[in-house]
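In this note's numbering, the protein residues as written are 5 to 279. The structure under discussion appears below in the form of structure tokens.
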Amino acid sequence: MQNQKTMSTFSIIQTALKKKFPSLNDKTSKVVAREAVLAPSTRMIQITPTQKLSKEDLSHVLAQEIDIHHVEMNAMQAASIEHINSGTDSTQEYFSWLEETTNILRHMTDGYVTYDDAIERQTFLKETDQREAELMVCLGLYESCKSSVAQEKVKFIRYKLQKLREMRTSIASLTSSDVNVDTHESECDGARPYYAYFKALKNVPFGYEAPASKKAELKLTHDLDEDLSPDFAYDVYLKNKMLDEMLLEDEKESLERLKFINEENSDNIKENTGR
């Protein structure tokens, strides 16, 4: 079971662009993706020969695409999951995570870990790792818009991301990746209060926060994460991520050009020496 590499910030934005504007080719989507993050908020960005959007409007469109498209996919796949209805309400994704988390905690601590149990755990951790990266991009795009609607979306997604981290941390720390093994009674006892916590969250409205004493008891303190603070500058974070990735891309292209030149020179030497 191999881990899939998380998509880069640039790839997440470029994928959303192609989904929203299917006529874009790779070269144009690359340019537009960079401008969507790095351009001033008032800049008009040429998307297609006949379409322009301000940087702020484009950021809002892309953030919605990254958020809602994923939810639409989840809704199509979740017909058999309790409490999940079809549609594009972003809270549905949150409740599907809770459903998956309680299932995984129950299956991984019920006395024996089957291959299917382990796959269920691994798949959730892998897919939600990618989802964390996407939600951080959403936060950066929404925050760069500055509108009151976008700022409410920042609060919404920040809470959603906090809870996702609680679920991921609990699963990763309380369950093992081993397959076809017995689980000890101590593991079941350790997971029980977390199972109860997440099960209770399924029955309260989105946005509910458990008492601080309860979260401290469970050591679920992701609301204290620096990048989940209301003061965290998500738009600056996104710009820095994009710039870092652009530098790595430039370095990779330089190395590839150097390799091509060296190989070409080597071929010329062989031709001239007859070797």
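Cβ atoms here follow ideal geometry from the backbone N, Cα and C, with glycine treated the same way.
Straight-line Cα distance separating residue j from residue i
i	j	result
I123	L57	43 Å
H188	Y119	17 Å
S233	V240	14 Å
E260	T32	22 Å
R162	Y238	11 Å
K243	E249	10 Å
A37	S180	39 Å
S152	L222	34 Å
K24	A195	42 Å
I51	L252	25 Å
K286	V41	Limits of the chain in this structure are 5 at one end and 279 at the other, which puts residue 286 out of reach.
K256	S27	28 Å
E103	D235	31 Å
I265	K34	26 Å
Close Cβ partners of residue i (< 7 Å) along its chain, the five nearest in sequence each way excluded
i	result
Y199	T106, L109 and R110
I70	I16, A20, E138, V141 and C142
A43	I49 and K59
V2	Given that the chain is displayed from residue 5 to residue 279, the structure contains no residue 2 and the question cannot be resolved.
L211	Note that residue 211 is Gly in the sequence shown here, rather than Leu. These residues qualify, in order along the chain: Y163.
Cβ neighbours of residue i in the same chain (closer than 6 Å, five flanking residues each side left out)
i	result
D61	none
K192	Correcting the residue identity first, residue 192 is Cys in this sequence and not Lys. These residues qualify, in order along the chain: T113.
D121	H111 and M112
S45	K59 and E60
H226	Q166, R169 and E170
K157	Y146
D231	none
Integer Cβ distance of residue i from residue j, believed to fall under 8 Å
i	j	result
V141	T13	6 Å
D186	G115	7 Å
Spatial neighbours of residue i in its chain, beta-carbon cut-off 8 Å, leaving aside the 5 residues before and after
i	result
R47	E39, S58 and K59
S84	Summary for S84: the model assigns pLDDT 33, below 50, so the residue's position carries little reliability; its value from the coordinates is reported in the next sentence. If we look at S84 and ignore the five residues flanking it on each side, it has no Cβ neighbours.
N7	At N7 the pLDDT is 46, less than 50, meaning the model places this residue with poor confidence and gives no usable figure here.
L66	I17, A20, L21, K24, A40 and L145
**Study point:** Start-end ranges of the alpha helix (DSSP H) lying completely within the region 160-214, minimum 4 residues
**Key:** 189-205
* To do: Check whether the region 163-182 touches the region 125-142, counting contact only when three or more Cβ pairs, one atom from each stretch, lie closer than 8 Å.
  => With three or more CB-CB distances shorter than 8 Å, the region 163-182 counts as touching the region 125-142.
Check your understanding: Should the region 201-209 be regarded as contacting the region 134-152, the criterion being three or more beta carbon pairs within less than 8 Å?
Key -> no
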